[in-house]
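Note that my numbering has the sequence shown beginning at 4, numbered continuously upward. Using N, Cα and C, we set each Cβ at its ideal position, and we do this for glycine too. All values derive from a computational prediction rather than experimental measurement.
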Amino acid sequence: MTMIRIDLRSDTKTRPTPGMRQAMAAAEVGDEQADEDPSVNLLCERVAKLLGKEAALFLPSGTMCNQVAILVHCRPGDEIIAAEASHIISSESAGAGALAGAQIRPLVTDRGIFTAEQLANAIRSDKRNAPVSRLVHIEQTVNRGGGAVWPLETINEVARVARGAGLSLHMDGARLLNAVAASGTTADQFGASFDSLWLDLSKGLGCPVGAVLAGGKDFIAAARRWKFRLGGAMRQAGILAAAGLYALDHHAGRLSEDHDNACRLAGRLQQIEGVKLPYPVETNLVFIDIAETGRSAERLSKALAKQGIGIGVEDQARLRAVTHLDVDAHGIDAAADAIARWLIHPRAGIS
Ligand SMILES: Cc1ncc(COP(=O)(O)O)c(C=O)c1O
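Now the structure itself:
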């Protein structure tokens, strides 16, 4: 199998840089489960401050952040209101139902961003045979909305309706710092309306593992209990937290380079006949529609893989490319050239 050299399948494909590895090797560590790991404690303090919350909790993954938050906010029979495009609906093994006994009410949207009016219409009235509307969930940026950024005003309007109806708010911030880089709105401004939110260390920040969930002290105390219960408590996890601290210092500030590369790729692809971009590029995600070329996304992806280029397949005619710190402008140009070559001469690179 050809090694993938230019890997645009996901921003989770990054490998720790030499500087990050050094920081990990030199990390001060202790027993994280007993709150004795100084690097984990420092990371949590730092992220709590960054997100404008009282406290934070280090968890192995973003999925666990969402699921722990849902477990704290919801009881069996509760309902979560979220965009249909949400990761918690498509990609978390139905955890909300399986673990918390909560149901998700999906809102149909263009790019995963719903309006205050849509939310108001989705909140259930207090009837004994209806689910209890409990939590509003938003994803910043929206992965399957082409990396769309929720504007702060829309968040504020949605939050006003949620609060008025007594609902809690949770943000999946897998790519929150991409939203910060793209909008100039700070992470704590985005976080102000939320009871809980998190950021992922293993996506654009380039760490091998980890995510940090933040909220009020009581929320985090309850989340810590769920972390234990689910087996997420760790031991000398400072080695991982050190990567997070390093990433906040060295990688958060460069996310706009990924956005520039995404725009570069989009610009090149738009010049290929029959290629359409279903979403404007706002951050580091580029969705590519090749339906009009009559070719198969799967076959394009396989042909690219043979040339060491990785691009994800969304459906029969759609692909997704994600930029990150392991792909530079040369890699972007090489990927765009290979796509153009194959779409024009589909046997190119297959032999
Ligand atoms: C929007 C979104 N939320 C949550 C997750 C889950 O994060 P993790 O892979 O750290 O579990 C992802 C991962 O791709 C994501 O894109």
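Check, Outcome
"Hey, which unbroken runs of the beta strand (DSSP E) at 3 residues or more fall wholly within the region 158 to 243?", "171 to 175, 199 to 203 and 214 to 218"
"How big is the Cα-Cα spacing for I26 and S89?", "Here residue 26 is Ala; the residue named in the question, Ile, does not match the sequence. Going by the C-alpha atoms only, they are around 34 Å apart."
"Among the candidates R8, R24, N69 and Q319, whose CA atom is the shortest distance from the CA of I92?", "N69"
"Nearest by alpha-carbon distance to G167: which of A119, L155 and N181 is it?", "A119"
"Can you give me the Cβ contacts of N264 inside the same chain, cut-off strictly under 7 Å, excluding the 5 residues immediately before and after it?", "T326, V330, A332 and I335"
"Taking the CB atoms as reference points, tell me whether A154 and D81 lie closer together than 8 Å.", "The identity of residue 154 in the sequence shown is Pro, whereas the question assumes Ala. No, Cβ-Cβ distance for P154 and D81 is not below 8 Å."
"Name the DSSP beta bridge partners of A151, please?", "V145"
"Quick check on L110: does DSSP put it in helix, strand or coil?", "strand"
"Would you call the region 184 to 197 and the region 39 to 48 in contact, with 3 or more CB pairs under 8 Å?", "no"
"Is E203 near ligand 1, with its Cβ less than 7 Å from a heavy atom?", "Glu is not the amino acid found at residue 203; the sequence shown has Asp there. Yes, the beta carbon of D203 sits closer than 7 Å to at least one heavy atom of ligand 1."
"DSSP on S136, reduced to helix/strand/coil?", "strand"
"Below 8 Å between beta carbons: does that hold for G55 and G194?", "yes"
"Roughly how many angstroms lie between the CA atoms of H140 and D175, to the nearest whole one?", "7 Å"
"Looking at G65 and ligand 1, is the gap between the Cβ and the nearest heavy atom below 7 Å?", "yes"
"Can you tell me which of the three DSSP states V330 falls into?", "coil"
"What whole-angstrom Cβ distance do A217 and D203 have, given they're in contact under 8 Å?", "Wrong, their Cβ atoms sit about 13 Å apart, outside the cutoff."
"Buried or exposed, going by whether 16 or more other CB atoms sit within 10 Å of the CB of M23?", "buried"
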